[in-house]
Amino acid sequence: MLFILIDLFMTGDSFQSKEIALKIFELGLKKYPKNTSYILKYLSHLAHQNDDNTTRVLFERVLTSLDKERSWPIWSEFLSFESNVGDLASLMKVEKRRSNAFESECKMKETSLLVDRYKYLDLYPCTNQELRAMDYQIEQDPTMNRNFLASSKNNLNNREQPV
Numbered sequence: 004m005l006f007i008l009i010d011l012f013m014t015g016d017s018f019q020s021k022e023i024a025l026k027i028f029e030l031g032l033k034k035y036p037k038n039t040s041y042i043l044k045y046l047s048h049l050a051h052q053n054d055d056n057t058t059r060v061l062f063e064r065v066l067t068s069l070d071k072e073r074s075w076p077i078w079s080e081f082l083s084f085e086s087n088v089g090d091l092a093s094l095m096k097v098e099k100r101r102s103n104a105f106e107s108e109c110k111m112k113e114t115s116l117l118v119d120r121y122k123y124l125d126l127y128p129c130t131n132q133e134l135r136a137m138d139y140q141i142e143q144d145p146t147m148n149r150n151f152l153a154s155s156k157n158n159l160n161n162r163e164q165p166v
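When we follow the numbering used here, the leftmost residue of the sequence shown carries the number 4, and every step to the right adds one.
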């Protein structure tokens with residue numbers, strides 16, 4: 004129901020309708036502060052509005068309020084956002100902060116984290132054999148947990164070879 008209201012206000016071109024959509028998102032965030040899929044929708048909305056500063060502020064606000072297990076998809080989306088609109092310095096800062104937050108999970112996975120940095124959609128910077136050698140596993144859904152820990156090895160075998 005909430006998304007129907009937001010879509011209704013987003014269809015208008017006026018500044019006022021965009022402000023109403025943002026207020027609805029904010030009210031939803033107050034009601035569902037731990038709902039990762041809702042937070043990702045809100046972040047996606049802000050990113051599509053080309054409001055980079057507000058999007059970054061929301062990332063920071065949400066990451067400080069979520070527990071470690073729920074925050075992984077938000078960190079992944081933050082890295083994706085910075086790789087698309089930010090510069091290398093801001094991307095590296097976010098990567099370092101994520102590594103500090105998930106120190107035990109990221110330890111000895113530097114190569115997998117580099118693959119995450121340079122991938123784009125389903126395009127990877129290396130071949131299937133190289134990914135298998137690194138024990139890199141492909142994420143199927145951005146709302147799921149941990150790129151390099153998430154999916155089964157069958158997904159890796161079903162990918163086409165890069166050109």
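All C-beta atoms in this analysis are idealised placements derived from N, C-alpha and C, irrespective of residue type, glycine included.
- For asparagine 38, there is no enclosing alpha helix (DSSP H), since its DSSP letter is neither H nor E.
- Note: leucine 126 is bridge-paired with Tyr123 in the DSSP secondary-structure output.
- In the three-state reduction of the DSSP assignment, isoleucine 27 falls in the helix class, which pools H, G and I.
- Contact between the region 75-91 and the region 35-51 is present, with at least three C-beta pairs closer than 8 angstroms.
- In the displayed model, leucine 69 falls within coil according to three-state DSSP, outside both helix and strand.
- From the listed residues Gly31, Val118, Thr57, Leu124, the smallest Cα separation to methionine 137 is found for Val118.
- In the structure shown, methionine 95 falls within a helical segment according to DSSP collapsed to helix, strand and coil.
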